[in-house]
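Each residue of the sequence shown is one higher than the one before, counting from 15 in my numbering. Ideal Cβ positions, reconstructed from N, Cα and C, are used throughout, including at glycine.
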Amino acid sequence: MNNLQIVDHFIASIERKSKPDFTIDNEKFEKEISKDSQTYSGLGIKILSVCGGLLGSLLFLGFVTLSISESPTATFIFGLIVLGGAVLLDKISNSTVLDAVCIGAFLSGCTLLGYSINQMTDSANLTIFSLLVIAVATVASTENYMLNLFGLLMFNSCLFAFIETNNVNILIHFLTAFLCIGFVIINLVEHKALVRSISVNKRYPPFRIGFLVSLSVLLIYFAIYFAKPSFPYRWVSSLIIMAATIYNISSIIDFLKLKTGQFIIYIFAITILASVIFAPSICGAILILIVGIHVGHRLTIVFGIVALFYFVGQFYYDLQYTLLTKSIIMICTGALLLVAAYIFNRQIRSYDKD
């Protein structure tokens, strides 16, 4: 069943349950569906657009480097023109081909502006702040999928760059809280966001992907720098992620209207999360997987599964134990996860029977 058939079935269901004077503009629905199918309807088109934009921006930057890179002022002005042209082109064009040009121009403009500001001021913080303002302005001024996605990614990257540049790793916990809260909320309020307004509806998909990618990158950072001495109180980030996970589990319990077994579910969830409290990357992978299963978002589920396998392997590989001890720990962890999955599936079946 394609999207048009699904919408027709949904409209027919609404009309049967509505008052006689209730009317629906079927032609407008069909027009919007046709428009969506011509743009970013598949992951392949999105990847090709990103690759095309990246390749175009690299070639363009190479040309600029050979031409005007010796003059920071000229680079700054040219970067503004390129960035403004990207936003303007997005406003007047609906072509998927030109979207790749917009992406390339946007990335090139941001790179040129960042380079020129850093050259003129010799201040990394001012450069980061300028790019952060550009990211916010981009998200506020356009509804384009890719520009909103890159705008959000650039915003989160600026927050991370500020922490690393100033060597204030304690602030990484605040970034963890921001990304976890944003990721959980934007997934749990999907039904409200999609009907709020057309503008929110168009920005919702790139925001969901943006928070997913940003959180995943942060978890990779945790996995790589697990034993980093300058990374203090790593368990604080784990506690933040655990709180977000427990909140999502409570949402699942409320959604399924489970009357029995809640205490057991919470105990197993807390036990599993507490066993990896010093590995925030594993806690985050569990959060991504649970959220993906709850909302039925396949890409989130894939991210969660891949991340969980990788981070668990990385965690046990870094442990300073013998191979036998590591094997025993992994077997116990796997058995605990299987028991949790069995209890969860049993609760689901009992709910279906009721």
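Classification of residue i by the beta-carbon crowding that lies within 10 angstroms, buried from 16 upward
{"i": "residue 113", "result": "buried"}
{"i": "residue 247", "result": "exposed"}
{"i": "residue 197", "result": "buried"}
{"i": "residue 327", "result": "exposed"}
{"i": "residue 104", "result": "buried"}
{"i": "residue 226", "result": "buried"}
{"i": "residue 180", "result": "exposed"}
{"i": "residue 259", "result": "buried"}
{"i": "residue 287", "result": "buried"}
{"i": "residue 270", "result": "exposed"}
{"i": "residue 300", "result": "buried"}
{"i": "residue 346", "result": "exposed"}
{"i": "residue 125", "result": "buried"}
{"i": "residue 85", "result": "exposed"}
{"i": "residue 211", "result": "exposed"}
{"i": "residue 278", "result": "exposed"}
{"i": "residue 310", "result": "exposed"}
N-terminal and C-terminal residue of the alpha helix (DSSP H) that residue i is part of
{"i": "residue 157", "result": "Counting along the chain, residue 157 falls outside any alpha helix (DSSP H), and DSSP gives it neither H nor E."}
{"i": "residue 215", "result": "212-238"}
{"i": "residue 6", "result": "Any question about residue 6 goes unanswered here, given that the chain covers just 15 to 368."}
{"i": "residue 105", "result": "86-106"}
{"i": "residue 203", "result": "Here residue 203 belongs to no alpha helix (DSSP H), and DSSP marks it neither H nor E."}
{"i": "residue 247", "result": "Residue 247 -> no alpha helix (DSSP H), and no H or E assigned at all."}
{"i": "residue 136", "result": "Element bounds for residue 136: n/a, residue is neither H nor E."}
{"i": "residue 182", "result": "It is not in any alpha helix (DSSP H) - residue 182 carries neither H nor E in the DSSP assignment."}
{"i": "residue 314", "result": "312-332"}
{"i": "residue 336", "result": "Unbroken run through residue 336: none, as it is neither H nor E."}
{"i": "residue 3", "result": "As shown, the chain starts at 15 and ends at 368. That puts residue 3 outside it, with no answer to give."}
heavy atom of the ligand GDP below 8 Å from residue i C-beta
{"i": "residue 143", "result": "Because no ligand of any kind appears in the structure shown, any question about the ligand GDP cannot be addressed here."}
Cα-Cα separation between residue i and residue j, rounded to whole angstroms
{"i": "residue 292", "j": "residue 331", "result": "14 Å"}
{"i": "residue 106", "j": "residue 308", "result": "38 Å"}
{"i": "residue 101", "j": "residue 192", "result": "27 Å"}
{"i": "residue 152", "j": "residue 144", "result": "12 Å"}
{"i": "residue 207", "j": "residue 216", "result": "10 Å"}
{"i": "residue 272", "j": "residue 263", "result": "12 Å"}
{"i": "residue 140", "j": "residue 317", "result": "34 Å"}
{"i": "residue 16", "j": "residue 97", "result": "Residue confidence for residue 16 is low, a pLDDT of 49 falling below 50, so the modelled location carries little weight; the figure read from the coordinates is stated next. For residue 16 and residue 97, the distance between alpha carbons rounds to 37 Å."}
{"i": "residue 251", "j": "residue 156", "result": "33 Å"}
{"i": "residue 204", "j": "residue 218", "result": "8 Å"}
{"i": "residue 256", "j": "residue 289", "result": "11 Å"}
{"i": "residue 342", "j": "residue 320", "result": "22 Å"}
{"i": "residue 202", "j": "residue 265", "result": "8 Å"}
{"i": "residue 149", "j": "residue 261", "result": "30 Å"}
{"i": "residue 280", "j": "residue 194", "result": "20 Å"}
{"i": "residue 323", "j": "residue 88", "result": "48 Å"}
{"i": "residue 183", "j": "residue 249", "result": "13 Å"}
{"i": "residue 137", "j": "residue 93", "result": "18 Å"}
{"i": "residue 185", "j": "residue 178", "result": "10 Å"}
{"i": "residue 409", "j": "residue 254", "result": "Given a span of 15 to 368 for the chain in the structure shown, any question on residue 409 remains unanswerable."}
{"i": "residue 95", "j": "residue 132", "result": "18 Å"}
{"i": "residue 122", "j": "residue 230", "result": "25 Å"}
{"i": "residue 91", "j": "residue 298", "result": "42 Å"}
{"i": "residue 134", "j": "residue 127", "result": "10 Å"}
{"i": "residue 352", "j": "residue 154", "result": "45 Å"}
{"i": "residue 336", "j": "residue 285", "result": "24 Å"}
Cβ-based neighbour list, residue i, same chain, cut-off 7 Å, excluding 5 preceding and 5 following
{"i": "residue 175", "result": "142"}
{"i": "residue 276", "result": "267"}
{"i": "residue 314", "result": "226, 302, 305 and 306"}
{"i": "residue 161", "result": "104, 116, 120 and 152"}
{"i": "residue 344", "result": "330"}
{"i": "residue 99", "result": "119"}
{"i": "residue 214", "result": "207"}
{"i": "residue 129", "result": "89"}
Same chain, Cβ closer than 6 Å to residue i, five either side skipped, listed in chain order
{"i": "residue 224", "result": "163, 166 and 167"}
{"i": "residue 170", "result": "228"}
{"i": "residue 222", "result": "200"}
{"i": "residue 295", "result": "233, 236, 237 and 325"}
{"i": "residue 187", "result": "250 and 251"}
Neighbourhood of residue i by C-beta, 8 Å cutoff - its chain only, sequence neighbours within 5 removed
{"i": "residue 173", "result": "146, 189 and 192"}
{"i": "residue 312", "result": "306"}
{"i": "residue 283", "result": "259, 260, 263 and 354"}
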